[in-house]
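Going by UniProt numbering, the sequence shown opens with residue 1, and the numbers climb by one from there.
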Amino acid sequence: MAAMSVIGIDFGNESCYVAVARAGGIETIANDYSLRNTPSCVAFSEKNRILGVAAKNQMVTNMKNTIYGFKRLLGRKFNDLQVQRELKCLSFKSSQQADGNIGIHVQYLGEEHIFSPEQITAMLFTKLKDTSETALQTAVNDCVISVPSYYTQAERQALLDAARIAGLNVLRLFNETTATALCYGIYKQDLPAPEAAPRNVVFVDCGYASLQVCICAFHKGKLKMLASAADSNLGGRDIDIILAEHFCRDFQTRYRIDPHTSPRAYLRLLAEVEKLKKQMSANSTTLPLNIECFMEEKDVHGEMKRADMESMCAHLFKRVESTLRQCLADSKLKPEDIHSMEIAGGSSRVPALKRAVEEVFGRPISTTLNQDEAVSRGCALQCAMLSPAVRVREFSVTDIQPYPLKLTWDPTQGEEGEMEVFGHNHPIPFSKMLTFYRSNSFTLTASYSMPPSSHPQTHIGVFVIKNVKPTPEGEASKVKVKVRINLNGILTIASASLVEKREPTQQEKEEEEKLLQQQQNNMDVEQQQQDNKKDKSDQEAQANEPPAPEVSMDKTRRNSDADNAGRDVRGSAPSCSSRILSWFSSGEDKGEDGKGKKKVPVRTIELPIEANVNGLSQRKLDAALEKECKMIAEDRQENERIDARNALEEYVYDLRAKLTDDYQLATFVAETDKDALSRTLDETEIWLYEEGEDCQRQVYIDRLTRLKAQGEPIKERRREFEGRGHVLDELAGALQLAKKGIDNIKASFGKDDKYSHLTDDEIKKIEKTVQEKWAWLEEKRVILAGTPRTQQPPVTVSQIRSEKQALDNVVLPVLNKPKPKVEPPKEEKPKDKTANDQKSTNQNSQGDAHQPQTEEEKMDVE
1 MAAMSVIGID
11 FGNESCYVAV
21 ARAGGIETIA
31 NDYSLRNTPS
41 CVAFSEKNRI
51 LGVAAKNQMV
61 TNMKNTIYGF
71 KRLLGRKFND
81 LQVQRELKCL
91 SFKSSQQADG
101 NIGIHVQYLG
111 EEHIFSPEQI
121 TAMLFTKLKD
131 TSETALQTAV
141 NDCVISVPSY
151 YTQAERQALL
161 DAARIAGLNV
171 LRLFNETTAT
181 ALCYGIYKQD
191 LPAPEAAPRN
201 VVFVDCGYAS
211 LQVCICAFHK
221 GKLKMLASAA
231 DSNLGGRDID
241 IILAEHFCRD
251 FQTRYRIDPH
261 TSPRAYLRLL
271 AEVEKLKKQM
281 SANSTTLPLN
291 IECFMEEKDV
301 HGEMKRADME
311 SMCAHLFKRV
321 ESTLRQCLAD
331 SKLKPEDIHS
341 MEIAGGSSRV
351 PALKRAVEEV
361 FGRPISTTLN
371 QDEAVSRGCA
381 LQCAMLSPAV
391 RVREFSVTDI
401 QPYPLKLTWD
411 PTQGEEGEME
421 VFGHNHPIPF
431 SKMLTFYRSN
441 SFTLTASYSM
451 PPSSHPQTHI
461 GVFVIKNVKP
471 TPEGEASKVK
481 VKVRINLNGI
491 LTIASASLVE
501 KREPTQQEKE
511 EEEKLLQQQQ
521 NNMDVEQQQQ
531 DNKKDKSDQE
541 AQANEPPAPE
551 VSMDKTRRNS
561 DADNAGRDVR
571 GSAPSCSSRI
581 LSWFSSGEDK
591 GEDGKGKKKV
601 PVRTIELPIE
611 ANVNGLSQRK
621 LDAALEKECK
631 MIAEDRQENE
641 RIDARNALEE
651 YVYDLRAKLT
661 DDYQLATFVA
671 ETDKDALSRT
681 LDETEIWLYE
691 EGEDCQRQVY
701 IDRLTRLKAQ
711 GEPIKERRRE
721 FEGRGHVLDE
731 LAGALQLAKK
741 GIDNIKASFG
751 KDDKYSHLTD
761 DEIKKIEKTV
771 QEKWAWLEEK
781 RVILAGTPRT
791 QQPPVTVSQI
801 RSEKQALDNV
811 VLPVLNKPKP
821 KVEPPKEEKP
831 KDKTANDQKS
841 TNQNSQGDAH
851 QPQTEEEKMD
861 VE
């Protein structure tokens, strides 16, 4: 089942979790440090990249080249106010690039490199992918990645770009709150039936940097998101900063030091107050804070109790209550309609936050979920549902779009120039069909109806519908545009088609038939399978999706069209831009008198769409992917070099320690050879820490080979000495048993027939073999006794075992030869009885001959 595993990634601001769906259920993958969480941290050195746990461990000593907190930089411009606030708290260097994006400066391979937040995120995903492949022993491609529910389209697209750079195929970007809800609902066996009232559950997810709240309605095998709210700047780190500032003021007063002047000291202080915060969640007493050699070689001490922390952070907990009440109001439910509340996220363990949740909803909270791993487990479940490789229980998920989306266009022909396509908390995925009347190409601009609370930009993208032409009569043509918000929460123009009412010419019909035939013949089976796999996520999510309504941009027309199919179009036009897709006859147009008119032949022409949206261009994606692959190869090469160096260093220390121990190797090497080998080991050690510090891998391998040529013979002599006595005793024991067997055979002659089946040749053969082996054993024992330990033994353990095996091959088959079985004599029948039986048989045969034969008997005879 490992080859069919699919993973879910909880991409957090501070740490990440990876879960895998397997036949036995969902389990969280441990990394190379046997930890279930991997820090969201990437560091750079002169030789390689350092990712995950190792990167965080060296953060204090390599601050400027250690990148963290980059999740909050994805999809944003450098001059964004939130970006500027974040960068003030980060220790690495950054700058504004030519396109307004963020550039992160690091020293890597001896020179300065500039990476985007997407590239840094891709490096972390590369580490998570490698960890998963190591644990599962198979390649990993398909995944579902968590994303904050408040993320805008630009941030979501940046996350998708990062996953593509890392070589991951993202089946879906899954909202963190929805992932938590899925992890809760799929294991519940007591959910109400579809016709019953739903079970409404509140999920509160407070992590390191943000607070998210949602309310879900559960039925058996189904969940529907009712409302969600978030505060993107309220999390555990805000409490840490308040506590750190308190101790900064305290240290300035008592120790005359200012941690703000030393980034390294301030980073250490943040780490310590985070530990203190966690301790205060379990203890209400006064707790100490001690940091040795904090600044200016001074040890600092402080203390705090939970009540003090809660009073300093009271305004944060009021913001928590405000977010909870906003979510409850958006859901149009009352507190008594709520069945239960579930909490998730590391910061949800703060007692004051738990009290805020209980006060708003008027009931105790529930903690049935794994607060740290619920999101990753929900993502793994969703990935299993979307992947054809794994079968899981059917469970429908209906998510919502947090921000209202609108389209604007040039106000021509008296039409309105703006329309809100998807409102606040609109279900996703969803498609709508819009009808325009145009004579020329036109532009649609997508944007948010109001600026998102976490992002100042409202612009999403521009879509140009091309190749629009008027009708033969010179009137505006009818253009149908499908607008879709997909599984990832990204708005796209899925398709655009021109509707013409005219009879096709014979030439056009022939061209259409020829084109369709050519496309059918040239269809690539493998590409078709990939398309099916790519669309499977949308197909499953659309199982309960309502039909896509059609909205006409003409003031007087409003109708509906049940068309849900569609595909994402990003940055490129359809391949058959002006090909005829289909011909059909329109329904009868009815006039006021109700009489039908003649059917008008109609054809649709797929129109090309030029999309100018957020995200990296294909050229930049390819360049970033190539660079990532190059860095992966460099990391692998450097790791192999380090492994070779460590192997040489380990062998030096191991051999030297054993040479100084009398029980180990000292007695198996001559004193002169020992001194020479010790000098070689000392020289190798000095070389390792001087000119051999940065050599190629092969140099270390060659040095290790030369050392082993001197050290391994010594180890081999010791192994031979320790194993020789045992195998000699085994051979002597086997010879004694064989001699005893011969004596038993000779003693039984004329008294017992136990060995009477053995021949003289067999007995002589084993006697001869035993005598030869005894002589060989005595001879070798004398030779071995006179051979010093410092010389290679003339007889090896393997040779002695071979002699014993040869003895067993001769002696055992003879001694264990089974005695032949004697058949019992046959009983003879009396002659008179035999004659009488024969006579009786003849009489019966003659009697039967006179009886008439039945039909069956005749057939049997035949």
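By construction, the Cβ of each residue, glycine as well, lies at the ideal position given by its N, Cα and C atoms.
For the alpha helix (DSSP H) that residue i lies in, which residues bound it at each end?
i           : result
residue 867 : Residue 867 is absent from the model: the chain starts at 1 and stops at 862.
T323        : 314-331
Y184        : 176-185
D205        : Taken as a continuous stretch (DSSP letters only), D205 belongs to no alpha helix (DSSP H), being part of the beta strand (DSSP E) at 199-206.
Alpha carbon to alpha carbon, how far is residue j from residue i? Give it in angstroms, no decimals.
i    : j    : result
G489 : R249 : 45 Å
G725 : P820 : 40 Å
P429 : P198 : 22 Å
Q791 : A647 : 28 Å
I405 : K56  : Sequence inspection shows Leu at residue 405; the Ile mentioned does not correspond to that position. Spanning the two alpha carbons is a distance of roughly 40 Å.
V464 : Y437 : 15 Å
A246 : M312 : Residue 246 is actually His in this sequence, not Ala. Using only the alpha carbons, I get a separation of about 9 Å.
M341 : E359 : 12 Å
Q279 : Q637 : 43 Å
M295 : H260 : 11 Å
Q799 : L665 : 23 Å
R558 : K482 : Low confidence applies here, because R558 scores a pLDDT of 34, under 50, leaving its location unreliable; read the following figure in that light. If you take the alpha carbons of R558 and K482, they lie about 15 Å apart.
L731 : F721 : 16 Å
K620 : F115 : 12 Å
A611 : Y33  : 44 Å
K129 : T667 : 50 Å
I190 : S497 : Sequence check: residue 190 is Asp here, not Ile. Computed Cα separation, rounded: 47 Å.
Name the two residues that bound the continuous beta strand (DSSP E) containing residue i.
i    : result
E86  : Where E86 is concerned, there is no enclosing beta strand (DSSP E), although the alpha helix (DSSP H) it sits in stretches over 81-88.
G103 : 102-108
Y651 : Premise fails: Y651 lies in the alpha helix (DSSP H), 618-659, not in any beta strand (DSSP E).
K222 : 222-231
Y403 : Y403 -> no beta strand (DSSP E), and no H or E assigned at all.
D673 : First-last for D673: 671-689, but that is the alpha helix (DSSP H), not the beta strand (DSSP E).
Does the beta-carbon of residue i have 16 or more other beta-carbons within 10 angstroms, so that it is buried, or is it exposed?
i    : result
N614 : buried
C89  : exposed
V782 : exposed
R85  : exposed
R391 : exposed
P117 : buried
M309 : buried
N283 : exposed
T286 : exposed
N809 : exposed
Using the three-state DSSP reduction, which class does residue i fall into: helix, strand or coil?
i           : result
R249        : helix
P194        : coil
C695        : coil
R49         : strand
D372        : coil
D10         : strand
Y437        : strand
D99         : coil
Y17         : strand
Y700        : helix
M59         : coil
residue 883 : Not covered by the structure: residue 883. The range shown for the chain is 1 to 862.
E27         : strand
M450        : coil
F115        : strand
N467        : coil
Q189        : coil
N488        : coil
D410        : coil
At a cut-off of 6 Å, would you count residue i as near the ligand HEM, judging by its Cβ distance to the nearest heavy atom?
i    : result
E420 : Ligands in the displayed structure: none, and consequently the ligand HEM is not present.
Ranges of the alpha helix (DSSP H) found wholly within the stretch 720-800, counting only runs of at least 4: 760-785
Length at least 4, wholly inside the stretch 258-286: the alpha helix (DSSP H) runs in chain order: 263-282
Complete runs of the alpha helix (DSSP H) confined to the stretch 117-165 [at least 4 residues]: 117-136, 153-165
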